[in-house]
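**Student:**
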Amino acid sequence: WYQRRVREAVVSTQSTGIVEVAVCVFCVVKKDAILDASVKGGEYLVNNVYYGNATDTDIAAINSIQYLLKCCGTTGKDSYNSSGFPRSCCDDYVYEDAIAGNLNLGLSCGDAELYTDGCTDAFTQNFNDIGLGIGVIVGIIIVFELFCVIAACVSKKHDMVA
1357 WYQRRVREAV VSTQSTGIVE VAVCVFCVVK KDAILDASVK GGEYLVNNVY YGNATDTDIA
1417 AINSIQYLLK CCGTTGKDSY NSSGFPRSCC DDYVYEDAIA GNLNLGLSCG DAELYTDGCT
1477 DAFTQNFNDI GLGIGVIVGI IIVFELFCVI AACVSKKHDM VA
């Protein structure tokens, strides 16, 4: 009974490890496509604001992205038209759900500082940093699973000898 359980655990762990490696390889191979699709989505949102077609949802998305990434537009404040840029381009902006759909365009940040980095660069940097972190964590999990499989095999071998 015990040996059957160990064998099942080993097979299960090996299968999980294979799936994890396959997902990691897929993500590495498709990383640029995922990043490109995300950047195009951001450009779509900024273009909607630029041409005056933005919905409240678009505006809330722009405000939250700029607030979280501390950036402005796709390439900077010039991504927006001469009407100004959203207040979320300023470092004193406070994101609140109740006002997130309000574009609140302005030509300056007053006493606050304007984010000069575009969101495309900020997103790309964060995407790469997070991807590296996830890769390291998955790598650690795979090594731990491999250790568990080896320990189970050694344990099984000693049980058979005794």
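Add 1356 to the 1-based position in the sequence shown for the working numbering, that's all there is to it. Backbone N, C-alpha and C fix where the C-beta goes; we use that ideal spot for every residue, glycine too. The model shown is predicted, which means the values in this text are computed figures rather than measured ones.
So N1458 packs on I1415, CB below 8 angstroms; how close in whole Å?
**Tutor:** The residue labelled residue 1458 in the question sits at position 102 within the sequence shown. The residue labelled residue 1415 in the question sits at position 59 within the sequence shown. So it is a contact: roughly 7 angstroms between Cβ atoms.
**Student:** Please report the Cβ distance between C1504 and G1474, rounded to the nearest whole angstrom; I am assuming they are in contact, meaning their Cβ atoms lie under 8 angstroms.
**Tutor:** The residue given as residue 1504 occupies position 148 in the sequence shown. The residue given as residue 1474 occupies position 118 in the sequence shown. Not really, about 45 angstroms apart at Cβ, beyond 8 angstroms.
**Student:** Hey, quick one: how far does the alpha helix (DSSP H) through N1458 stretch, first residue to last?
**Tutor:** Taking the sequence shown and counting its residues from 1, one reaches residue 1458 at position 102. Neither: N1458 is in no alpha helix (DSSP H) and is coded neither H nor E.
**Student:** Taking all protein chains shown into account, do 16 or more other C-beta atoms lie within 10 angstroms of the C-beta of Y1423, making it buried, or fewer, making it exposed?
**Tutor:** Sequence index remark: in the sequence shown, residue 1423 carries index 67 (1-based). Buried: at least 16 other Cβ atoms inside 10 Å.
**Student:** Please report how far the alpha carbon of N1482 lies from the alpha carbon of S1439, in whole angstroms.
**Tutor:** Mapped onto the sequence shown, residue 1482 falls at position 126. Mapped onto the sequence shown, residue 1439 falls at position 83. Their backbone Cα atoms lie some 29 angstroms apart in a straight line.
**Student:** Which class does C1446 belong to by DSSP, given the choice of helix, strand or coil?
**Tutor:** For the purposes of this step, residue 1446 is taken as residue 90 along the sequence shown, with counting starting at 1. If DSSP states are grouped into helix, strand and coil, C1446 belongs with the strands.
**Student:** Suppose the cutoff is 6 angstroms on Cβ atoms and the five residues either side in sequence are ignored; what does the same chain contact list for D1448 look like?
**Tutor:** In the sequence shown, residue 1448 corresponds to position 92, counting from 1. The answer, listed in chain order, is A1468.
**Student:** What separation, rounded to the nearest whole angstrom, lies between the Cα atoms of G1462 and D1434?
**Tutor:** Sequence index remark: in the sequence shown, residue 1462 carries index 106 (1-based). Sequence index remark: in the sequence shown, residue 1434 carries index 78 (1-based). Those two C-alpha atoms are separated by around 12 angstroms.
**Student:** Using a Cβ-Cβ cutoff of less than 6 angstroms, which residues in the same chain neighbour V1395 once the five nearest sequence positions on both sides are dropped?
**Tutor:** For the purposes of this step, residue 1395 is identified with residue 39 of the sequence shown, where counting begins at 1. Same-chain partners within the cutoff: T1476.
**Student:** What residue range does the alpha helix (DSSP H) around L1425 cover?
**Tutor:** Counting from 1 along the sequence shown, the entry for residue 1425 is found at position 69. Start and end: D1412 to L1425.
**Student:** Work out the CA separation of C1445 and C1465 for me, nearest whole Å.
**Tutor:** To locate residue 1465, count along the sequence shown from 1; it is residue 109. To locate residue 1445, count along the sequence shown from 1; it is residue 89. If you take the alpha carbons of C1465 and C1445, they lie about 8 angstroms apart.
**Student:** So, at 6 angstroms on beta carbons, what are the nonlocal neighbours of V1492 in its own chain, with the 5 sequence-adjacent residues on each side left out?
**Tutor:** For the purposes of this step, residue 1492 is taken as residue 136 along the sequence shown, with counting starting at 1. Taken in chain order, the list of residues that qualify is empty.
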